[in-house]
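Structure, as structure tokens:
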Amino acid sequence: MGAVDCDTVAAVTEFLYREALALDERRFRDWLALLTDDIRYEVPVRVTRESLADWELSPTSRIFDDDRDTLEVRIQRLETDFSWAEQPPSRTRHFVTNVLADPGEGPDEFRVSSNCFIYRSRGDDPTPSFYSVARKDVVRRTADGWRLARRWAVFDQSLINAHNLSIFV
Amino acid sequence: MTAFNDATGLADWVSRTRAGLTEGRFPARAFNDVDVHALEQERLFAKAWCFLAHESEIPSPGDYVTRKIGNNNLIVARDEHGVIHANLNMCRHRGNVMCKSEMGNASHFRCSYHGWTYKNSGELVGVPYMKEGYEGRLKRKDWGLVAVRVDTYEGLVFGCLDPEGPSLAEYLGGFQFYLDLYLKHGLGGVEVHGPPDHWVADTDWKICAENFAGDGYHTPVAHQWGFHLGYFPSSGTTHSQGWAASIPGKGHGIGLGHGPGYPAFSGFPDQVVAGMKEAMSPEQVAVFSQIRTAVGTVFPNLSFLMQPFSLVPGDPGVRFVTMRLYHPAGPGRMEMYSWCLVPKDAPEDYKAEAYRAYTLAFGQAGTFEQDDFENWTKVTASAGSGLVRDLDFPYIMGMESEPVPEFPGPGHVVRPYVNDTNFRNMWSRWGDYLAGEA
Numbered sequence: 001m002g003a004v005d006c007d008t009v010a011a012v013t014e015f016l017y018r019e020a021l022a023l024d025e026r027r028f029r030d031w032l033a034l035l036t037d038d039i040r041y042e043v044p045v046r047v048t049r050e051s052l053a054d055w056e057l058s059p060t061s062r063i064f065d066d067d068r069d070t071l072e073v074r075i076q077r078l079e080t081d082f083s084w085a086e087q088p089p090s091r092t093r094h095f096v097t098n099v100l101a102d103p104g105e106g107p108d109e110f111r112v113s114s115n116c117f118i119y120r121s122r123g124d125d126p127t128p129s130f131y132s133v134a135r136k137d138v139v140r141r142t143a144d145g146w147r148l149a150r151r152w153a154v155f156d157q158s159l160i161n162a163h164n165l166s167i168f169v
Numbered sequence: 001m002t003a004f005n006d007a008t009g010l011a012d013w014v015s016r017t018r019a020g021l022t023e024g025r026f027p028a029r030a031f032n033d034v035d036v037h038a039l040e041q042e043r044l045f046a047k048a049w050c051f052l053a054h055e056s057e058i059p060s061p062g063d064y065v066t067r068k069i070g071n072n073n074l075i076v077a078r079d080e081h082g083v084i085h086a087n088l089n090m091c092r093h094r095g096n097v098m099c100k101s102e103m104g105n106a107s108h109f110r111c112s113y114h115g116w117t118y119k120n121s122g123e124l125v126g127v128p129y130m131k132e133g134y135e136g137r138l139k140r141k142d143w144g145l146v147a148v149r150v151d152t153y154e155g156l157v158f159g160c161l162d163p164e165g166p167s168l169a170e171y172l173g174g175f176q177f178y179l180d181l182y183l184k185h186g187l188g189g190v191e192v193h194g195p196p197d198h199w200v201a202d203t204d205w206k207i208c209a210e211n212f213a214g215d216g217y218h219t220p221v222a223h224q225w226g227f228h229l230g231y232f233p234s235s236g237t238t239h240s241q242g243w244a245a246s247i248p249g250k251g252h253g254i255g256l257g258h259g260p261g262y263p264a265f266s267g268f269p270d271q272v273v274a275g276m277k278e279a280m281s282p283e284q285v286a287v288f289s290q291i292r293t294a295v296g297t298v299f300p301n302l303s304f305l306m307q308p309f310s311l312v313p314g315d316p317g318v319r320f321v322t323m324r325l326y327h328p329a330g331p332g333r334m335e336m337y338s339w340c341l342v343p344k345d346a347p348e349d350y351k352a353e354a355y356r357a358y359t360l361a362f363g364q365a366g367t368f369e370q371d372d373f374e375n376w377t378k379v380t381a382s383a384g385s386g387l388v389r390d391l392d393f394p395y396i397m398g399m400e401s402e403p404v405p406e407f408p409g410p411g412h413v414v415r416p417y418v419n420d421t422n423f424r425n426m427w428s429r430w431g432d433y434l435a436g437e438a
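What follows is the structure, encoded as structure tokens:
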């Protein structure tokens, strides 16, 4: 078993479920409240490369590269009447599995890896989009409860099958 | 979708389309039709100079990327002597794909089927059982990878499937003056920040190419949220000022958005401004110093955009440059490549800041990009429907616009920025190709 006790793993897992639920219920302000002030939200670009290449996830290119301020901008945008990409809004369902927690930098921080499978449906289009995503998060225990301090998420595809990414992963 | 009955039907349609353009009309059908798509493959993408890569993507000997022109898969590689080649990504022996990665470094490419091996320049060097099997009948020099013409401008690598035809310089036809706005950010030029965002969309490539040829008209509506949150200091009315420049007979066009009262070259660090003044002509500096947003398309499917953008509304903003390629992947479907270009000699912190501004605004999850594609997929869907395919759209804005006298840049330059002149020029050139006259 891992170095993190079962109760903590259970608490962290529940936190990820609640965070996913906030996104799926489009309670973006609630979601923002679950992030620390020093949140780093990063989704690198994946490139198809030969087997012994040094990297497949670009060291420099990012699909998302956000901090608290820019996530706030994204959510303010969604709150206007002009965020056409989300009118009508995407219906998403984040399926979070394979949650593993390891000790982080301090006693209140944990490095948490998980798989996230996202179902996304738009308008009356009967064909949904599916995204398989690997996440490596840093989850922090604070006086106010659990908070997400870092999200590093990567798509399991290099050519993304979405005309936009107006959702959070 | 009903196909055209025969080649004559399609030729008639192309002919009617070209005639309609002179009256400011263009058919919806062009944006989502299986026969039009096939004709583009045959007559446009087989002939035009098409963008392949930026030199900074393949800086060292052996570096390669795989890219496409039309439905052809190409390896764009820098050989051991530093020369850039574009070769069909196909083994000459039985047609297997040679290189299945998007990028990498290799001195040779070896086919995984029977083992034919080529230098990264495309020369065939290895054939298993050469002596025993071919008994001297196979000449290696006859069976190299199929080479495509390559030429460059300021770091942009273009390829042309047609061995004849004009040079790249002739093809660009003076548009270089405007391209420099994105490319001459110092004597060292620009470089890509990293591999491009890469995604697919049910959108016709032409809608994107047209939009970037200078659609200032959509900005205040499609990107209203930006005005709403205070990103732009101006209203829709002031945003539409500036110029539309196009190169007649070539199809290229650019919208030069002028922000009244906007400080010259604002959002660039002093060092970059100094570099631009050194690298550009006085005429270019005179024009570009007044420009807030510049959005342009190199015919057929390469576009650029430069504008200041801040991570937080109200801040002055940092200038970023994006370059994008709209690869036609089928009728009404495209594969999008989107890069951020940064000045090679700029301070690292500016490069990082410009890239973050790009990501927030125009990467795949970019707040502007998201809304554009929402509109473009819907336009494409409409264009494929039964009733709509026989309708024309109006392209009559600025039909009477007189060229701006004494504008220091080349081409046909009109005011204001909100104008269909660039689009008529673009579709006119597209018509030349589809009619087999280019």
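Quick note, the sequences are listed as chains R and A, same order. Going by the UniProt record's numbering, the first sequence opens with residue 1, and the numbers climb by one from there. Going by the UniProt record's numbering, the second sequence opens with residue 1, and the numbers climb by one from there. Glycine included, C-beta positions come from ideal geometry on N, C-alpha and C. Here the structure is a predicted model, which means the values were calculated and not measured.
Check: residue 129 of chain R versus chain A: which residues are under 9 Å apart at the beta carbon?
Finding: Counted from its first residue, the first sequence places residue 129 of chain R at position 129. Under the 9 Å cutoff, chain A gives no residues; its nearest Cβ is about 11 Å from residue 129 of chain R.
Note to self: Let me make sure I understand the geometry here. Which of A/254, A/199, A/176 has the alpha-carbon closest to that of residue 210 of chain A?
What the structure shows: Mapped onto the second sequence, residue 210 of chain A falls at position 210. Checking every option, the nearest Cα to that of residue 210 of chain A belongs to A/254.
Checklist line | Local conformation of residue 228 of chain A per DSSP, three classes | finding: The residue you call residue 228 of chain A lines up with position 228 of the second sequence. Reduced to three states, the DSSP call for residue 228 of chain A is helix.
Item checked: Cut-off 8 Å between Cβ atoms - residues of its own chain near residue 64 of chain A, not counting five sequence neighbours on either side -> Taking the second sequence and counting its residues from 1, one reaches residue 64 of chain A at position 64. Only 58, 75, 76, 77, 78, 99, 103, 104, 105, 106, 120 meet the Cβ criterion.
Checklist line | Beta-carbon separation (whole angstroms), residue 53 of chain A vs residue 157 of chain A, contact threshold 8 Å | finding: Position 53 of the second sequence, counted from the start, is the residue given in the question as residue 53 of chain A. Position 157 of the second sequence, counted from the start, is the residue given in the question as residue 157 of chain A. Indeed they touch by this definition, with Cβ atoms about 5 Å apart.
Note to self: Just verifying my parser: in three-state terms, what is the DSSP assignment at residue 343 of chain A?
What the structure shows: Here residue 343 of chain A refers to the residue found at position 343 when the second sequence is read from its first residue. Strand.
Item checked: Alpha-carbon to alpha-carbon, residue 123 of chain A and residue 143 of chain A -> Within the second sequence, numbered from 1, the residue matching residue 143 of chain A stands at position 143. Within the second sequence, numbered from 1, the residue matching residue 123 of chain A stands at position 123. Distance between the alpha carbons of residue 143 of chain A and residue 123 of chain A: 8 Å.
Next item on the list: Could you give the DSSP three-state label for residue 439 of chain A: helix, strand or coil?
Entry: Since the first residue of chain A shown is 1 and the last is 438, residue 439 of chain A is not available in this structure.
Note to self: Is there a C-beta anywhere in chain R that falls below 8 Å from the one on residue 333 of chain A?
What the structure shows: Your numbering for residue 333 of chain A matches position 333 in the second sequence. So no, residue 333 of chain A is outside the interface.
Item checked: In DSSP terms, what residue 116 of chain R is bridged to -> The residue you call residue 116 of chain R lines up with position 116 of the first sequence. Answer by DSSP bridge pairing, in chain order: R/96, R/133.
Notebook entry, point to check: Using the C-alpha atoms, what's the distance from residue 13 of chain A back to residue 345 of chain A?
Noted result: Counted from its first residue, the second sequence places residue 345 of chain A at position 345. Counted from its first residue, the second sequence places residue 13 of chain A at position 13. One C-alpha to the other measures close to 50 Å.
Checklist line | Between the CA atoms of residue 151 of chain A and residue 1 of chain A - distance to the nearest angstrom | finding: Here residue 1 of chain A corresponds to residue number 1 of the second sequence, with the count starting at 1. Here residue 151 of chain A corresponds to residue number 151 of the second sequence, with the count starting at 1. Note that residue 1 of chain A has pLDDT 45, beneath the 50 cutoff, so the model's placement of it is unreliable and the number below is only indicative. If you take the alpha carbons of residue 1 of chain A and residue 151 of chain A, they lie about 39 Å apart.
Checklist line | Cβ contact check for the stretch 299-306 of chain A and the stretch 190-201 of chain A: 3 or more pairs under 8 Å | finding: no
Next item on the list: Would you please verify whether the beta carbon of residue 155 of chain R is less than 8 Å from any beta carbon of chain A?
Entry: Your numbering for residue 155 of chain R matches position 155 in the first sequence. No, its Cβ sits nowhere closer than 8 Å to a Cβ of chain A.
Check: From what residue to what residue does the alpha helix (DSSP H) around residue 56 of chain R run?
Finding: What you label residue 56 of chain R is simply residue 56 of the first sequence in a count that begins at 1. That residue, residue 56 of chain R, is in no alpha helix (DSSP H); it is neither H nor E in DSSP.
Next item on the list: Could you pull out every residue in the same chain whose Cβ sits closer than 6 Å to the Cβ of residue 286 of chain A, ignoring the five residues on either side in sequence?
Entry: Numbered from its first residue, the second sequence carries residue 286 of chain A at position 286. Correct list, in chain order: 408.
Check: I think residue 44 of chain A touches residue 430 of chain A, with their Cβ atoms under 8 Å apart; what is that distance to the nearest whole Å?
Finding: Taking the first residue of the second sequence as 1, we reach residue 44 of chain A at position 44. Taking the first residue of the second sequence as 1, we reach residue 430 of chain A at position 430. That belief holds up - the Cβ atoms of residue 44 of chain A and residue 430 of chain A are roughly 7 Å apart, short of 8 Å.
Next item on the list: Keeping to the same chain, check which residues put their C-beta closer than 7 Å to that of residue 119 of chain R; ignore five residues upstream and five downstream.
Entry: Within the first sequence, numbered from 1, the residue matching residue 119 of chain R stands at position 119. So the list reads 92, 93, 128, 130, once near-sequence residues are dropped.
Check: Would you say residue 365 of chain A faces chain R, with C-beta separation under 8 Å as the test?
Finding: Numbered from its first residue, the second sequence carries residue 365 of chain A at position 365. Yes, residue 365 of chain A lies at the interface with chain R (some Cβ there is under 8 Å from its Cβ).
Note to self: Going by beta-carbon coordinates alone, are residue 416 of chain A and residue 242 of chain A separated by less than 8 Å?
What the structure shows: Working through the second sequence from its first residue, we reach residue 416 of chain A at position 416. Working through the second sequence from its first residue, we reach residue 242 of chain A at position 242. The answer is yes: Cβ separation under 8 Å.
Note to self: Is the separation between the beta-carbon of residue 44 of chain R and that of residue 57 of chain R shorter than 8 Å?
What the structure shows: If you number the first sequence from 1, residue 44 of chain R lands on position 44. If you number the first sequence from 1, residue 57 of chain R lands on position 57. Yes. Within cutoff.
Margin query: For the ligand FMN, is there any heavy atom lying closer than 7 Å to the beta carbon of residue 138 of chain R?
Written below: As presented, the structure is devoid of all ligands, the ligand FMN included, so that no description of it is given.
Check: Where does the unbroken alpha helix (DSSP H) through residue 220 of chain A begin, and where does it stop?
Finding: Position 220 of the second sequence, counted from the first residue, corresponds to residue 220 of chain A. First-last of the alpha helix (DSSP H) with residue 220 of chain A: 219-222.
Notebook entry, point to check: In three-state DSSP terms, what is residue 145 of chain A?
Noted result: Taking the first residue of the second sequence as 1, we reach residue 145 of chain A at position 145. Correct three-state label for residue 145 of chain A: coil.
Note to self: Just to make sure I have the definition right: I need the residues of chain A whose C-beta is within less than 7 Å of the C-beta of residue 133 of chain R. Which are they?
What the structure shows: The residue labelled residue 133 of chain R in the question sits at position 133 within the first sequence. Result: empty, since nearest Cβ-Cβ is about 13 Å, beyond 7 Å.
Item checked: Given residue 20 of chain A as reference, the closest of A/424, A/84, A/437 once Cα atoms are compared -> Here residue 20 of chain A refers to the residue found at position 20 of the second sequence. Nearest C-alpha to residue 20 of chain A: A/424.
Next item on the list: Within its chain, find whatever has a CB closer than 8 Å to the CB of residue 82 of chain A; leave out the 5 residues flanking it on each side and keep chain order.
Entry: Working through the second sequence from its first residue, we reach residue 82 of chain A at position 82. Cβ neighbours of residue 82 of chain A beyond the five flanking positions: 61.
Check: residue 77 of chain R lies in the alpha helix (DSSP H); which residues open and close that run?
Finding: As a working mapping, residue 77 of chain R is identified with position 77 in the first sequence. Residues 68-79.
Note to self: On the DSSP letters alone, give me the boundaries of the beta strand (DSSP E) that residue 126 of chain A sits inside.
What the structure shows: Sequence index remark: in the second sequence, residue 126 of chain A carries index 126 (1-based). Unbroken beta strand (DSSP E) run through residue 126 of chain A: 124-126.
Note to self: In this structure, how does DSSP classify residue 1 of chain A when only helix, strand and coil are distinguished?
What the structure shows: As a first step, residue 1 of chain A must be located in the second sequence, where it is residue number 1. With a pLDDT of 45 at residue 1 of chain A, under the threshold of 50, the modelled position of this residue cannot be trusted; read the value that follows with caution. It is coil, neither helix nor strand.
Check: Is the CB of residue 205 of chain A under 8 Å away from at least one CB in chain R?
Finding: Here residue 205 of chain A is taken as the residue at index 205 of the second sequence, counted from 1. No, residue 205 of chain A does not count as interfacial toward chain R.
Next item on the list: Closer than 6 Å by C-beta to residue 272 of chain A: which residues in its own chain qualify, once you throw out the five before and the five after it? Chain order, please.
Entry: Indexing the second sequence from 1 puts residue 272 of chain A at position 272. Excluding residues within five positions, the ones whose Cβ falls inside 6 Å are 185, 343, 346.
Notebook entry, point to check: residue 293 of chain A lies in the beta strand (DSSP E); which residues open and close that run?
Noted result: If you number the second sequence from 1, residue 293 of chain A lands on position 293. It spans 291-298 - the beta strand (DSSP E) in which residue 293 of chain A sits, taken as one unbroken run.
Next item on the list: Give the DSSP-derived three-state secondary structure of residue 165 of chain R in the structure shown.
Entry: Counting from 1 along the first sequence, the entry for residue 165 of chain R is found at position 165. In the structure shown, residue 165 of chain R sits in coil (DSSP, three-state: anything other than H, G, I, E or B).
Check: Per DSSP, what kind of secondary structure is residue 307 of chain A in: helix, strand or coil?
Finding: By 1-based counting over the second sequence, the position of residue 307 of chain A is 307. Strand, per DSSP.
Notebook entry, point to check: How do the stretch 224-232 of chain A and the stretch 76-91 of chain R stand: do at least 3 beta-carbon pairs fall below 8 Å, yes or no?
Noted result: yes
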